[in-house]
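Worksheet: the structure to be examined is printed underneath.
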Amino acid sequence: MSLSDARCIAFPSTAADAPSEELSRAAGDLDLFEHCLVRPGARFALDGIDPDFCGVYDSPESAQLAIRYYRRRLDRLHHAMREEDRRSVLVILQGLGASGKNGVVRLLLSSVNPAGCRVVEFRQRDHERPRHDFLWRVHSQVPQRGEMAVFHRSHYEDVLAVRVHRMVSADSCRQRFDLINQFEHLLGAENRTTVLKFLLHISKQEQLARFRRRLDDPDRRWKVSEAHYREHEYWDDYMAAFEDMLNGTSTVEAPWFVIPSNRKWFRDLAVLRIIVRAMEGLGTKVPGPAVDFARIRRNYHEVEAESEAKAS
347 MSLSDARCIA
357 FPSTAADAPS
367 EELSRAAGDL
377 DLFEHCLVRP
387 GARFALDGID
397 PDFCGVYDSP
407 ESAQLAIRYY
417 RRRLDRLHHA
427 MREEDRRSVL
437 VILQGLGASG
447 KNGVVRLLLS
457 SVNPAGCRVV
467 EFRQRDHERP
477 RHDFLWRVHS
487 QVPQRGEMAV
497 FHRSHYEDVL
507 AVRVHRMVSA
517 DSCRQRFDLI
527 NQFEHLLGAE
537 NRTTVLKFLL
547 HISKQEQLAR
557 FRRRLDDPDR
567 RWKVSEAHYR
577 EHEYWDDYMA
587 AFEDMLNGTS
597 TVEAPWFVIP
607 SNRKWFRDLA
617 VLRIIVRAME
627 GLGTKVPGPA
637 VDFARIRRNY
647 HEVEAESEAK
657 AS
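Numbers in this note's numbering are just positions in the sequence shown, counted from 1, shifted up by 346.
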C-alpha cells in the first residue's frame with residue numbers, strides 16, 4: 347500500500363496553494379518530503395541522511411518566505427480541525443540532547459492557537475513506572491478530537507535509552523515495536539488521530555558544538571547537563587537503536603520522518619512542510635453556520651435603523 351492510499355494518512359500536493367516564489371521550488375520541496383520519509387517496509391539506514399542537507403535552500407534568508415507561508419497554512423488547518431472537532435494530530439519529537447526538540451515545540455506553539463495545542467514532556471521514569479506497562483503514562487496524554495498534541499520525547503524512550511543502558515534487551519525492545527504499532531493503530535482507528543513522528547538528526551560534531559555554545563553563553567548555561575555529556579559517549583549505540591526503531595515502527599498509519607537538523611532553520615521548514623501536507627490530506631473544513639443568517643441580518647438592520655432614528 348502506498349502512503350497516498352493509506353486510510354489515516356494522505357499527502358496531497360499543495361502547489362496550487364503555494365505562493366508564486368514557492369512554485370519555483372515545487373520539485374525540490376517534494377524531494378525534501380521524500381528525502382525525510384522512512385518508507386514502511388523498506389530497509390532504512392540512518393547514515394543515508396546527511397544532517398547538513400538543506401534541499402534547494404542555501405541560507406536562512408532563502409527559506410524565510412516558505413517558513414512564513416507554512417506557518418500561516420498550519421494555523422488555518424489547525425483552526426479548521428479544532429472547529430470541526432472530529433480529528434486530532436499527534437506530533438512526536440525524538441532526538442538526542444541539543445537536537446532541537448524545544449525549538450520545534452516553540453515553532454509549533456507560536457504557529458497555532460495554543461488553546462488547541464498541548465505539549466507533553468516525558469522525562470525520566472518515576473519510581474512507580476515499573477509497576478505498569480511501558481505505555482501506561484502515554485495513554486492519558488494522547489490528543490482529544492480537535493486538538494494537536496506534541497510529545498517532547500515519548501513512549502519511544504522505552505525502546506531507546508533503556509536499550510542503550512542495557513535495562514531492556516534489544517530483542518525485548520523489538521517485541522515492543524509490535525505493541526507500539528498496535529497502540530498507534532488504535533489511535534487512528536478509534537480516535538481518528540494522525541500520528542507524525544520526527545527524529546531530529548544532528549551530527550556528532552554538531553552536538554558537541556551546541557554543547558560548547560551553551561557553556562560559552564550565560565543565557566544558555568541553564569541547558570547544560572552532565573547527562574548530555576554522558577549520553578554522548580553512547581553515540582554509536584543510540585544510532586543503532588534509532589535505526590531499529592525507525593525500521594520497526596514506521597508504518598503507513600504512523601510514519602517516521604528523519605529531519606536533517608544541523609541547520610535549525612531548515613529543520614523548522616521541513617517539520618512545518620510535512621505537518622501541513624499531512625493535515626491537508628485530512629480534508630478538514632470549518633463547519634457551516636448553525637443560525638439563520640437572513641433573519642439575523644434583518645434583525646441587525648432593524649436595530650441599526652432604530653438607533654439611527656433615535657440619534658436623529
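Note that beta-carbon positions come from the ideal geometry of N, C-alpha and C, so glycine has one too. Note that the coordinates shown come from a computational prediction; the quantities given were computed from them, not determined experimentally.
- Per the DSSP secondary-structure output, Ser434 pairs in a beta bridge with Thr539.
- The region 390-403 makes no contact with the region 635-646: fewer than 3 CB pairs, one atom from each, lie closer than 8 angstroms.
- By the Cβ test, the region 617-627 is in contact with the region 405-416, since at least three Cβ pairs between them sit closer than 8 angstroms.
- Inside the region 579-652, DSSP marks whole beta strand (DSSP E) runs of 3 or more residues at positions 602-606, from first to last along the chain.
- Around the beta carbon of Glu599, a 10 Å sphere encloses 16 or more other beta carbons of the protein chains shown; the residue is thus reported as buried.
- Where Glu467 is concerned, the enclosing beta strand (DSSP E) starts and stops at Cys463 to Glu467.
- Linking Tyr502 to Met513 through their CA atoms gives a straight-line distance of about 14 angstroms.
- Across the structure, Ala555 and Thr630 are spaced so that their CA atoms are roughly 42 angstroms apart.
- Distance from the CA atom of Val437 to the CA atom of Phe379, rounded to whole angstroms, is 16 angstroms.
- Beyond the five residues adjoining it in sequence on each side, Pro406 comes within less than 6 angstroms, by CB distance, of Trp611 in the same chain, given in chain order.
- Using a 10 angstroms sphere on the CB of Glu579, the tally of other CB atoms stays under 16, which defines it as exposed.
- With distances taken between CA atoms, Pro633 lies nearest to Glu430 out of Phe390, Glu430, Arg520 and Thr595.
- Under the three-state reduction of DSSP output, Gln487 falls in the coil class, being neither helix nor strand.
- Per DSSP, reduced to three states, the secondary structure at Ala391 is coil, with no helix or strand assignment.
- Taking 8 angstroms as the cut-off, the Cβ atoms of Glu589 and Phe390 count as close.
- For the 8 angstroms CB-CB criterion, Thr539 and Ser456 do not form a contact.
- Collapsing the DSSP output to three states places Val496 in a strand.
- Counting along the chain, the unbroken alpha helix (DSSP H) around Ala507 starts and ends at Ala507 to Val510.
- Across the structure, Leu481 and Arg509 are spaced so that their CA atoms are roughly 16 angstroms apart.
- Sequence-distant Cβ neighbours of Val466 in its own chain, meaning closer than 6 angstroms and more than five residues away, are Gln487 and Phe497.
- In the DSSP assignment, Val384 is bridged to Trp602.
- Cβ neighbours of Ile526 within its own chain (closer than 7 angstroms, five residues either side excluded): His501 and Thr595.
- Here the alpha carbons of Lys569 and Asp393 stand approximately 28 angstroms from one another.
- Contact annotation: Cys382 and Val604 have beta-carbon atoms nearer than 8 angstroms.
- With respect to the C-alpha of Gln440, the residue from Glu536, Gln528, Leu546 and His485 having the closest C-alpha is Leu546.
- DSSP places His478 outside both helix and strand once states are collapsed to three, so it counts as coil.
- Here DSSP, grouped into helix, strand and coil, assigns Leu525 to helix.
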